[in-house]
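Here is the structure we will look at.
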Amino acid sequence: IAARAISAAIDAIYSYAGRTQIPLGHDVPMRIGGFGGASGLADFIRLQHITHVIDATHPFAAEMSRHAVDACTATDTPLIALERMPWTHAPGDRWIEVSDLDTAVAALPEAPARVFLAIGRQHIAAFATRPQHAYTLRFVDAPGEPLPFPDAEVVVSPGPFTRKGDLELMR
Numbered sequence: 374i375a376a377r378a379i380s381a382a383i384d385a386i387y388s389y390a391g392r393t394q395i396p397l398g399h400d401v402p403m404r405i406g407g408f409g410g411a412s413g414l415a416d417f418i419r420l421q422h423i424t425h426v427i428d429a430t431h432p433f434a435a436e437m438s439r440h441a442v443d444a445c446t447a448t449d450t451p452l453i454a455l456e457r458m459p460w461t462h463a464p465g466d467r468w469i470e471v472s473d474l475d476t477a478v479a480a481l482p483e484a485p486a487r488v489f490l491a492i493g494r495q496h497i498a499a500f501a502t503r504p505q506h507a508y509t510l511r512f513v514d515a516p517g518e519p520l521p522f523p524d525a526e527v528v529v530s531p532g533p534f535t536r537k538g539d540l541e542l543m544r
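Be aware that the sequence shown starts at 374, since it is given in the numbering used here, and climbs by one per residue.
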C-alpha cells in the first residue's frame with residue numbers, strides 16, 4: 374500500500390500499533406503506537422488533516438478496525454477497509470471453522486497432535502491448557518518470554534506469506 378501511495382505521489386502516514394518489535398520499513402513516514410481509542414484516532418485524523426483512511430490491519434486487530442470506522446464516521450473521513458478473502462473449502466480439506474480462541478482450544482484433540490498457530494504472541498496463552506501438543510508458532514518477532522508449551526517450534530517471519538511458502542512450512 375505504501376509503495377502504491379508513493380508511486381501515485383500521495384502523501385501518506387503508515388501506522389503500526391507497536392506490537393511489532395521491528396516494523397517493516399516503508400518509504401512513507403511511520404507512526405508507531407496506539408491512538409487511545411476511536412476518539413484518539415479521530416483527533417489524529419483532524420490534527421494531521423487526514424483526507425482518507427485505509428484500514429489494512431491484521432484480521433486479529435478487529436478492535437482497531439472498529440475504531441477506524443467510529444473515527445472516520447466522527448470526522449466524516451472516507452474509509453477503505455482491505456480484508457483478506459476468506460478461505461473456502463475444497464475437496465479433500467480437513468479443517469473446521471471456530472468463532473474464537475476458546476472454541477479453537479476446545480476443538481483440539483485430547484491425544485497429542487501437531488498444531489500450527491499464526492495468531493500472534495499475545496493470543497497463545499489460551500493454548501497453554503493443552504500442553505500435550507507439539508506447537509509450530511509463526512510470529513513476526515521472536516518471543517520475548519518463555520513459551521507456555523513444553524514442545525514448541527517458532528518460525529519468525531514478518532511476511533508477506535505466499536501459498537508456496539505456506540505449503541513448504543506445512544510439509
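Note that the Cβ used here is the ideal one computed from N, Cα and C, for glycine as well.
This one's a predicted model, so the numbers in the text were calculated from it and none came from an experiment.
The beta carbon of M437 is closer than 6 Å to those of T430 in its chain, skipping five residues each way along the sequence. Within the same chain, and ignoring the five residues on either side of A507 in sequence, the residues whose Cβ sits closer than 6 Å to its Cβ are R487, D524. The Cβ-Cβ distance between V527 and F500 does not fall below 7 Å. Taking C-beta separations shorter than 8 Å and ignoring five residues to either side along the sequence, the partners of T450 in its chain run I418, I423, T424, H425, V426, A444, following chain order. For R536, the enclosing alpha helix (DSSP H) has its first and last residue at 536-543. DSSP places E436 within a helical segment (H, G or I) once states are collapsed to three. Membership of A491 in any alpha helix (DSSP H) is not indicated, and neither H nor E is assigned to it by DSSP. With fewer than 16 other Cβ atoms from the protein chains shown falling within 10 Å of its own Cβ, A463 counts as exposed.
Distance between D475 and F433, taken at the CA atoms: about 14 Å. Taking C-alpha positions only, D400 is separated from I469 by approximately 40 Å. Secondary structure of R404 (DSSP, three-state): strand. Residue state for L481 is assigned as coil, using DSSP reduced to three classes. Nearest in C-alpha terms to G409, of all of T509, R439, H496, is R439. Collapsing the DSSP output to three states places S530 in coil. Beta bridge pairing from DSSP links L420 with no other residue.
Judged by DSSP secondary structure, D428 falls within the beta strand (DSSP E) whose first and last residues are 426-428.
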